[in-house]
Amino acid sequence: MDSELNIGIYKKKKQQRKQLIEAGIIIAIALIFAIILPIVLPAFRLRLFGRFLALTIVALGIDLIWGYTGLLSLGHGIFFALGGYAIAMHLKLQIPEGQLPDFFTLYGVNKLPWFWQPFYSFPFTLVALVVIPGIVAGLLGYLVFRNRIKGVYFSILTQAALLVFFNFFNGQQKLINGTNGLKTDTERIFDLLVSSATVQRTFYILTVIFLVLIYLFCRWLTSGRFGRLLIAIRDDETRVRFSGYDPTGFKVLVFAISGAIAGIAGALYTVQTGIITPAIMQVAFSIEMVIWVAVGGRGTLIGAIIGTLLVRLAQTFLSERFPQVWLFFQGALFLTVVTVLPNGIVGWFKDYAWQKVQFLLGLRQPLVTYPQIEEDPAIQREREQLTRE
Amino acid sequence: MSALIEGLFNGISIGSVLLIAALGLAIVFGLMGVINLAHGELMMLGAYSTFVVQNVFKPLGEPWFELYILFSLPVAFIVSALVGLALERGVIRFLYGRPLETLLATWGVSLILRQFVRSVNWLLVISIAVFCLFFFGGMTILKRRSNWERIRNWAITILLVISSGIAIAVGFLIDRVGQIALTKPWFSARNVDVTAPTWLRGGLKVLGFQMPYARLFIIALTIICLLGVYWFLNRSTWGLRIRAVTQNRSMSACLGIPTAKVDALTFALGSGLAGIAGCAVSLLGSVGPNTGQNYIVDTFMVVVVGGVGNLFGTVVAGLSIGIINYLIGSGTLALIFTSMEGFKPLVDFFLFFATSSMAKVMVFALIIAFLQVKPAGLFPQKGRTAEL
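Listed in order, the protein sequences are those of chains A and B.
All residue numbers for the first sequence refer to the numbering used here, where the first residue is 1 and numbers rise by one.
All residue numbers for the second sequence refer to the numbering used here, where the first residue is 1001 and numbers rise by one.
Below, the structure is given as structure tokens:
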């Protein structure tokens, strides 16, 4: 009894130390990103890198629903675009009272459409770019999950929803400027030009801060009971239901959270790109988001970030040099990741490479049995007793 | 009234294109639970093979050129079926039981096929042939060794590297020699046009509106394909096996049905049907590398609404989605309500959706509403599994 208590305290201490180390590493990396990179990189590259970091935020959201809950959404472009449009609409309205954003006059619209009105206010916009994608995601999720539609059905329904939103935004010139999208680069925020270097650097640092915050949020979400429930839904939803839980609510909630995260990412991405168009809701882009997570390793949050950065960097490099090869490369990436590296880079490292390194360094003896059994103190005690006898 | 009939005809013709495209997808989905995102690209391959057949028949002169479309149908079927077979044997077979991963893998294949059509030239074909020669040749030689199972992973990795290295080297060598004819792309990224033979141009005049022969041809083709598939599934031995595996895979395997062969055959059949659909689509407009993308989401919706394991469900779903899409998109519904009194808000409502892209918004909303009532499609499979 006494020893068990000790083990409990020891475990807790070990866990606390691990958490402290992790927090230290995260803060260190964030500081490198936020302080050193803006000095080292030229403004153009910094803006590009800031966009990549914004995309890692979506990847975190996708990892939450795909890696942990097993829901493959091919329609995250919707929520991404909704967040982007919310901030772009606010920036478009930074004009003298009574004037309309310039594109309206092209289509002969004299009155601001009703849904533009609240975007005059900055706090409303900040709330909207999280809440609107969240509500849309929650509604879509509710309508689908309550009928126990899942798996591939869910994926292609999200894809169809994406196409529908794309068509809608594309077709409505009079409401949101259709195909041309909303340009934010030439607008002003707090009386500063959005595309100016100071504003862009602020946005970059904001992106890093949000990335850290959302990472910690996802970390908190997935490490507790909620996270375990999500994994249970992924692995055997029927059993979760038979254990007395209703998975629908949890799935809707996590899908809504993921949508809200995508909304934040979309807003950050839009202000650093300088324009948002319905093209952001193309089918290909949303599937790409999934492959970032798959490359990094789903079910590991850090993998989503690493995967996004790696794939995007490879894409900039390859499509600058050999534009023809990029699609071949991307296709091959999809195939190899799915067939050879189902757990992604981080998963491979955890399951295979790290152990290999440990063996080579002599830190750990090769295990014949299941690792948890080997490390369990109770079993070790039993073994000692057995050998003594 | 005649507007309604015209709407119905156009709707049916759109629906029949959807149906012929969704037929292969529905069979494959029913059997293996796999959604093939490369289905659209298999259609595109069918359309391109129609284009090639047309170019082959062009120098043959009048009587032959008129009939090229009939020859291009089997060619399109075979080309797509072979690509589908390779896809199943090479990729999908390893991913059974992981439908979401299959979705991603087939998307990868569709990206590759799209770029392949854009940049295919003799050089690329030669390089691929060299690669296949070394890779599969090396595999067959190594497979004879007694310790094959042990060295398998390493052997495949090394062979892959060596043979792709040789293939790239050969490609560079030929490129250096500088044969322009070899490096000229076959199709390039631009769209190509398939000219319909003269007997498919023009149309049949009925009740004051024209029914284009090309549309009628597609409707007829769809009916023939449906009958053929129905016959194959319900009257032939392999069809019986396919139905058995669809209903209960493990039980069928226990009873000695070669499920792996059934899977491969079904996938090839589904892909071949995509090829025929591509051939039909090529009559409607120009064909480009992205042709397939225009159809896939709609065909998926047909499969979702139709449910699995029942051809009739697919037929009803395809036709009704086509008709509703056309009636809303062309503004026929708005027109009908205008003629009646007191429906002003309804007219405005339908006018708002009266473009082909907005009609898709409406149809999607209807599909979601429909799934609230019947989540497993029109004719769900009956069974006692808990997984419903």
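Glycine included, each C-beta is placed from N, C-alpha and C at the ideal position.
Pairwise C-alpha distance: residue j and residue i
i, j, result
"B:Ser1110", "A:Pro123", "43 Å"
"A:Phe329", "A:Gln315", "9 Å"
"A:Gly263", "A:Lys12", "36 Å"
"B:Gly1331", "A:Gly259", "34 Å"
"A:Pro323", "A:Ile231", "39 Å"
"B:Thr1198", "B:Pro1063", "11 Å"
"A:Thr407", "B:Gly1285", "In the structure as shown, chain A begins at 1 and stops at 389. Residue 407 of chain A is therefore absent and cannot be evaluated."
"A:Ala128", "A:Gly83", "8 Å"
"B:Leu1273", "A:Leu192", "58 Å"
"A:Asp102", "A:Phe242", "57 Å"
"B:Gly1040", "B:Ala1081", "13 Å"
"A:Lys150", "A:Ala294", "20 Å"
"A:Trp326", "A:Leu318", "6 Å"
"A:Ile345", "A:Gly303", "7 Å"
"B:Asn1234", "B:Gly1377", "21 Å"
"B:Pro1185", "B:Val1125", "11 Å"
"A:Asp236", "A:Thr69", "10 Å"
"A:Val131", "B:Ala1369", "24 Å"
"A:Val208", "A:Leu53", "7 Å"
"B:Val1034", "B:Thr1050", "27 Å"
Where residue i falls, given that 16 or more other Cβ within 10 Å makes a residue buried
i, result
"B:Asn1010", "buried"
"B:Glu1006", "buried"
"A:Glu288", "buried"
"B:Met1032", "buried"
"A:Pro96", "exposed"
"B:Met1251", "exposed"
"A:Leu46", "buried"
"A:Tyr107", "exposed"
"A:Phe145", "buried"
"B:Lys1058", "exposed"
"B:Pro1390", "Since the first residue shown for chain B is 1001 and the last is 1388, residue 1390 of chain B is missing from the structure and cannot be characterised."
"B:Ala1386", "Low per-residue confidence applies at B:Ala1386: pLDDT is 43, beneath 50, and the placement is therefore not dependable, though the value from the model is reported in the following sentence. B:Ala1386 comes out exposed."
Contact list for residue i against chain B, beta-carbon separation under 9 Å
i, result
"A:Phe322", "Under the 9 Å cutoff, chain B gives no residues; its nearest Cβ is about 11 Å from A:Phe322."
"A:Val152", "Phe1029, Gly1033, Val1034, Ile1035, Pro1099, Leu1100, Thr1102, Leu1103"
"A:Thr339", "Val1091, Phe1094, Leu1095, Glu1101, Ala1105"
"A:Ile39", "Result: empty, since nearest Cβ-Cβ is about 38 Å, beyond 9 Å."
"A:Ala304", "Here the premise fails: no neighbours, minimum Cβ distance about 15 Å."
Under 7 Å from the C-beta of residue i: neighbouring residues of chain A
i, result
"B:Trp1154", "Those within 7 Å of B:Trp1154 in chain A number zero; the least Cβ separation is about 14 Å."
"B:Ile1368", "Leu143"
"B:Arg1215", "Those do not exist, as B:Arg1215 stays about 24 Å from chain A at its closest Cβ, beyond 7 Å."
Under the three-state DSSP convention, the category residue i falls into
i, result
"A:Ile95", "coil"
"A:Lys111", "coil"
"A:Gln173", "helix"
"A:Leu55", "helix"
"B:Leu1204", "strand"
"A:Arg381", "helix"
"B:Leu1240", "helix"
"A:Arg188", "strand"
"B:Phe1209", "strand"
"B:Leu1104", "helix"
"A:Ile149", "coil"
"A:Leu140", "helix"
"A:Ile62", "helix"
"B:Leu1124", "helix"
"A:Lys183", "strand"
"B:Val1192", "strand"
"A:Leu193", "strand"
"B:Val1287", "strand"
"A:Lys14", "helix"
"A:Ile275", "strand"
"B:Val1083", "helix"
Residues that residue i contacts on chain A, provided the C-beta gap is smaller than 8 Å
i, result
"B:Val1206", "By Cβ distance, chain A contributes nothing, its closest Cβ being about 32 Å from B:Val1206, past 8 Å."
"B:Lys1360", "Leu163, Val164, Asn167"
"B:Arg1114", "Leu327"
Neighbour list for residue i in chain A, Cβ cutoff strictly below 9 Å
i, result
"B:Val1109", "Gly331, Phe334, Leu335"
"B:Phe1300", "Ile156, Leu157, Gln159, Ala160"
"B:Val1304", "Ile149, Tyr153, Ile156, Leu157, Ala160"
Residues that residue i contacts on chain B, provided the C-beta gap is smaller than 7 Å
i, result
"A:Val290", "Leu1104"
"A:Gly171", "Thr1355, Ser1357, Met1358"
"A:Ile287", "Trp1107"
Contact set between residue i and chain E, taken where Cβ atoms lie within less than 7 Å
i, result
"B:Leu1160", "Absent here is chain E; the protein component of the structure consists of chains A and B."
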